[in-house]
Every structure is written in C-alpha cells, then in structure tokens.
Amino acid sequence: MPFYRRVGEIPHKRHTQHRSPAGDLYSEELMGEEGFSSDSSLLYHVAIPSAVVDATPWDPGELGTTMNQPLLPRHLALHTLFEGQEWKSADPVTSRRLVLGNADVRISYVVTGETSPLYRNAVGDECIYVESGDGVVETVFGTLTVTSGDYLVLPRSTTHRWLPSGDEPLRCYVIEANSHIGPAARYLSRHGQFLEHSPYCERDLTGPTTPLVVDDAVLHRDVEVLVKHRDSRGGVTGTRYVVPTHPFDVVGWDGCLYPFTVNVADFEPITGRVHQPPPVHQVFEATNLVICNFVPRKVDYHPGSVPVPYYHSNVDSDEVMFYCGGNYEARRGSGIGQGSVSLHPGGHSHGPQPGAVERSLGVEYFDELAVMVDTFRPLELGEGGRAADDGRYAWTWSGRGPEGELGPLT
C-alpha cells in the first residue's frame with residue numbers, strides 16, 4: 001500500500017548480483033503479497049534468510065474464544081487486565097491477552113515494559129494502536145519509534161521485536177487480521193496515491209529510513225524467532241525457529257511493502273451540518289473488517305442538529321470501540337472511560353446513553369478519542385475479554401437488569 005521507498009544499498013537492476021565490499025554475494029529475498037501479484041519489496045541479506053538449525057512447537061497462548069451468548073452489548077475494562085507492577089515483566093508479544101476474536105481478526109491488549117522476543121506473524125498483518133508510552137520496534141526493514149497515538153502497521157511475516165522505553169508502561173491495543181491491512185480503497189487512486197478527499201496522506205506515514213544490521217559479534221550466532229502461523233484445521237499455532245544468523249542482516253531494500261506508522265493526530269476529521277456516519281472516520285480496511293478513529297473535532301452545525309449518534313442497528317456487523325482519550329459524550333453515564341472497550345453486536349440496536357442526546361444539543365466541539373473496529377462476522381470473547389467484562393453495561397439504557405436496580409455507576 002505505501003508509496004515506493006528505497007533504504008540502504010541495492011543494485012541498479014533487480015534480480016542481479018549485489019556484493020559486499022569484500023566481494024561476498026548478498027542474498028536477495030522477495031517479500032510479496034498475493035503470490036507475486038500485489039505489493040512487494042526486495043531485501044538484500046548478508047546471509048541466507050531461509051536457513052534454520054532447529055524448529056520446535058511454540059504455544060502462542062490462550063487463543064480460544066466463547067460465543068457472546070446470550071447476545072449482549074458489553075463493556076470490557078481493559079485497564080483491569082494489567083494492574084500493579086506486573087507490566088514491568090510483560091513483553092509486547094507473548095503477554096498479549098486476547099479480548100475479542102473471530103475467523104478474520106483477533107483484538108488483544110497488553111501493558112508492557114520488557115523487550116519482546118524476535119517475532120513473526122505469518123497469519124496476517126498487524127495494526128497496533130499505542131494508547132500510551134514510548135518504544136522502538138526493530139524490524140528487518142529498519143527501526144521505527146512509536147509513541148502515544150501511533151498506529152503501527154506490520155505486514156504479514158515481518159520479523160521484528162519491541163523495545164519499550166522510559167519509566168512508564170507501553171500500552172498497546174493490538175488488531176491482528178487474517179488478511180492484509182491498508183487504507184480504504186476509496187482514499188486511493190487506481191495507481192495507489194492518496195486522493196485529495198482522504199483524511200491523511202503519504203506525508204503522514206513514517207517508514208524505516210536506514211537499514212538495521214546487527215554487529216558482527218551478534219550476526220553469526222544462533223538466535224530464536226517465534227512464528228505464529230496457520231494450522232491445517234484453520235486455526236492458529238506457533239513454531240520456535242533457531243536460525244544461524246540474526247535476521248537483522250538486511251543491508252538494503254526497496255519496494256512498496258514495509259512497516260509504517262501514522263499518528264492519530266494527523267487524521268483530519270470530516271464533519272458536516274448534520275451527524276456524519278462512521279465511514280467518514282475510517283483509517284484502514286482488511287478482509288471483513290474496517291478500522292476507524294473518532295478524533296477531537298468540531299461537530300454538526302445545522303441549527304437543529306443532534307451531535308451525538310442516532311440509535312442504530314448494525315445488521316451486518318459487530319462494532320467494537322476502544323476509548324483512548326478525552327470524553328466520549330454518547331457513553332457518559334455507562335461506566336465507560338479511558339481504556340474501556342464497548343462491544344455492540346449485530347442484532348442489538350444501540351446508541352447514546354440516557355440523557356446524552358439532550359446534553360449534546362448546542363455543543364460545538366467534541367474532545368474524544370476512540371479506535372473502532374467493525375467486523376462483518378460475529379465476534380466472540382477471548383480470555384481477556386471475559387476477565388474484563390463489567391457484567392452491567394447491557395442494562396445501562398433501561399436502568400435495571402435481571403436482578404433489579406442497576407445501581408450507581410462510577
């Protein structure tokens with residue numbers, strides 16, 4: 001998806017000899033999508049990228065899910081999943097807790113302070129939203145820094161590792177697709193350039209700028225790489241490779257497939273005289289899902305407008321909202337706050353909490369920040385989702401549940 005980029009030293013013509021100053025031949029690797037028929041990049045390795053010296057099964061953690069049955073909207077308080085000081089020993093890959101998932105996507109949450117193992121997701125692209133904190137992500141393409149508000153998009157099978165930095169935890173909301181993730185097709189020309197109506201563009205994307213080649217003392221040592229991949233039954237499993245050369249041995253690469261970041265502050269909101277539908281907030285899309293964000297913005301300016309959303313039924317999708325900043329006016333009074341996720345499943349009509357419509361009348365600006373995922377197949381609850389469920393959200397529109405009065409919410 002991103003525009004062409006060239007980093008490091010590459011030969012004048014592709015698929016021709018490229019040698020080191022000492023005369024050694026570099027190994028050319030094509031990393032491409034859809035069987036040579038879509039975006040790709042060519043990487044030039046010091047060593048042979050296919051070499052392995054050992055392979056053993058690796059358990060990628062609790063990935064089982066349970067049905068949202070009975071069908072209920074839910075509030076998942078993700079900040080309860082990592083409390084106290086446990087984040088200091090958690091890493092951004094193996095410590096993820098699965099919140100929601102289906103055959104197309106897995107949504108996880110992690111709070112972390114430790115460096116991750118070398119990791120490669122061979123199932124699909126990853127889109128990680130950094131709720132707060134800072135870090136560095138080292139990849140075979142080079143290094144990227146991440147900070148609060150960044151989306152990091154990692155193409156499928158990109159070997160990388162996370163290095164959180166600073167004294168505060170790195171909080172990440174992880175969207176793992178079973179497909180490729182890119183901007184909405186309507187934002188792009190037929191040649192792939194962002195169009196004028198897109199809420200962000202190439203200038204807002206940050207990709208690697210220099211190669212990442214480890215020191216010679218490390219380069220030729222055995223190193224482990226964790227690989228998440230598909231199994232023969234349509235599920236997900238893992239393998240632990242031992243490779244004889246560190247994967248960060250790429251002296252140069254070029255192409256249109258690489259990891260990149262874009263910060264939510266660079267997303268320019270689209271507004272109108274009356275309430276705009278969620279597609280105007282879209283950032284990315286993948287197979288059977290879209291990713292949107294709701295950012296601080298001026299709101300509807302028709303004299304009779306109602307700024308908060310109207311009640312709506314997602315007849316074809318489940319809606320997941322991650323609240324990561326400001327005050328989300330439509331949910332006030334529900335218990336939802338920073339770090340919350342709301343799940344509104346297809347088949348349930350949802351909208352503003354009681355009183356939210358009246359409070360919004362005449363408001364000119366919303367200070368809210370949220371990341372939304374809409375899926376076109378039902379979502380199930382993962383281990384983290386079940387643990388974070390407040391058990392009360394479904395009754396907040398009526399004020400009482402099956403056991404009587406709902407009681408006050410904080």
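Note that my numbering has the sequence shown beginning at 1, numbered continuously upward.
Here a beta-carbon is modelled for each residue, glycine too, at the ideal position from N, C-alpha and C.
Quantities reported herein were computed from a predicted structural model and do not represent experimental measurements.
TODO: Take the Cβ of Glu176 as the centre, count every other Cβ of all protein chains shown within 10 Å, and call the residue buried at 16 or more, exposed below.
DONE: buried
- [ ] Identify whether Lys88 lies in helix, strand or coil by the three-state DSSP scheme.
- [x] Assigned with DSSP and collapsed to three states, Lys88 falls in helix.
- [ ] Confirm, please, whether the CB-CB distance from Ile107 to Gly101 is below 8 angstroms.
- [x] yes
Task: Exposure of Ser38, with buried meaning 16 or more beta-carbon neighbours within 10 Å - done: exposed
Open item on the list: Please list the terminal residues of the continuous alpha helix (DSSP H) segment that includes Glu285.
Closed with: Here Glu285 belongs to no alpha helix (DSSP H); instead the beta strand (DSSP E) covers Gln282 to Ala286.
Task: Same chain, Cβ closer than 6 angstroms to Asp91, five either side skipped, listed in chain order - done: Thr112, Glu114 and Ser116
- [ ] For Asp222, count neighbouring C-beta atoms within 10 Å of its own C-beta (all shown protein chains included) and say buried if the count is 16 or more, exposed if not.
- [x] Label assigned to Asp222: exposed.
Open item on the list: Once DSSP output is grouped into helix, strand and coil, what is the label at Glu358?
Closed with: helix
Task: Classification of Ala286 by the beta-carbon crowding that lies within 10 angstroms, buried from 16 upward - done: buried
Task: Local Cβ density within 10 Å of Met321, reported as buried at 16 or more and exposed below that - done: buried
- [ ] Compute the beta-carbon to beta-carbon distance between Leu343 and Arg74, rounded to the nearest angstrom, for a pair I have assumed lies under 8 angstroms.
- [x] 4 angstroms
Task: Meets three-Cβ-pair contact criterion under 8 angstroms: the segment 210 to 222 and the segment 241 to 248 - done: Below 8 angstroms, enough C-beta pairs join the segment 210 to 222 and the segment 241 to 248 to call them touching: three or more.
- [ ] Give the secondary structure of Pro278 by DSSP, where H, G and I count as helix, E and B as strand, and everything else as coil.
- [x] Residue state, collapsed to three classes: helix.
Task: Glu196 versus Asp204 - alpha carbon distance - done: About 14 angstroms.
Task: Distance between beta carbons of Leu78 and Gly333, contact taken as under 8 angstroms - done: With 8 angstroms as the limit, Gly333 and Leu78 do not qualify as a contact, their Cβ atoms being about 20 angstroms apart.
TODO: Measuring alpha carbon to alpha carbon, tell me which of Trp58, Gly346 and Gly362 ends up nearest Gln69.
DONE: Gly346
Open item on the list: At the level of alpha carbons, what is the spacing between Asp231 and Val262?
Closed with: 32 angstroms
Task: Cut-off 6 angstroms between Cβ atoms - residues of its own chain near Thr410, not counting five sequence neighbours on either side - done: Because the pLDDT at Thr410 is just 43, under 50, the model does not fix this residue reliably, and the point stays unresolved.
Open item on the list: Excluding the 5 residues flanking Pro408 on each side, which residues of the same chain have their C-beta closer than 7 angstroms to its C-beta?
Closed with: Low confidence applies to Pro408: its pLDDT is 48, below 50, so where it sits in the model is not reliable enough to give any reading.
- [ ] Measure the C-alpha to C-alpha separation of Arg6 and Gly255 and round it to an integer number of angstroms.
- [x] 7 angstroms
Task: Residue span of the beta strand (DSSP E) that contains Ala55, given as start and end - done: Run containing Ala55: Asp54 to Pro57, per the beta strand (DSSP E) assignment.
Task: Segment contact, 8 angstroms Cβ cut-off, at least three pairs: the segment 290 to 298 with the segment 365 to 374 - done: Between the segment 290 to 298 and the segment 365 to 374 there are three or more inter-stretch CB-CB distances shorter than 8 angstroms, so the stretches are counted as touching.
Task: Minimum C-alpha distance to His275 - residue among Tyr301, Phe267, Val264 and Gln282 - done: Tyr301
Task: Through-space distance from His229 to Asn178, alpha-carbon basis - done: 10 angstroms
Task: Cβ neighbours of Val299 in the same chain (closer than 7 angstroms, five flanking residues each side left out) - done: Thr271, Pro307, Val363, Glu364, Tyr365 and Phe366
Open item on the list: Tell me the residue span of the alpha helix (DSSP H) that contains Ala387.
Closed with: Judged by DSSP secondary structure, Ala387 falls within the alpha helix (DSSP H) whose first and last residues are Glu383 to Ala388.
Open item on the list: Strictly by DSSP, which residues pair up with Asn293?
Closed with: Val371
Task: Three-state secondary structure (DSSP) of Ala122 - done: If DSSP states are grouped into helix, strand and coil, Ala122 belongs with coil.
Open item on the list: Using only CA atoms, which one of Glu126, Arg97, Ser20 and Glu319 lies nearest to Pro155?
Closed with: Glu126
TODO: Could you tell me the boundaries of the alpha helix (DSSP H) in which Val236 lies?
DONE: Premise fails: Val236 lies in the beta strand (DSSP E), Val236 to Val243, not in any alpha helix (DSSP H).
Task: Thr206 beta carbon less than 8 angstroms from that of Phe267 - done: no
Open item on the list: Taking the straight line between their C-alpha atoms, what separation do you get for Gly401 and Gly335?
Closed with: 15 angstroms
Task: C-beta contact flag for Glu62 and Glu383 at 8 angstroms - done: yes
- [ ] Using beta-carbon positions only, say whether Thr158 and Val174 come within less than 8 angstroms of one another.
- [x] no
Task: Gln17, buried or exposed, once every other Cβ within 10 Å from all chains shown has been counted against 16 - done: exposed
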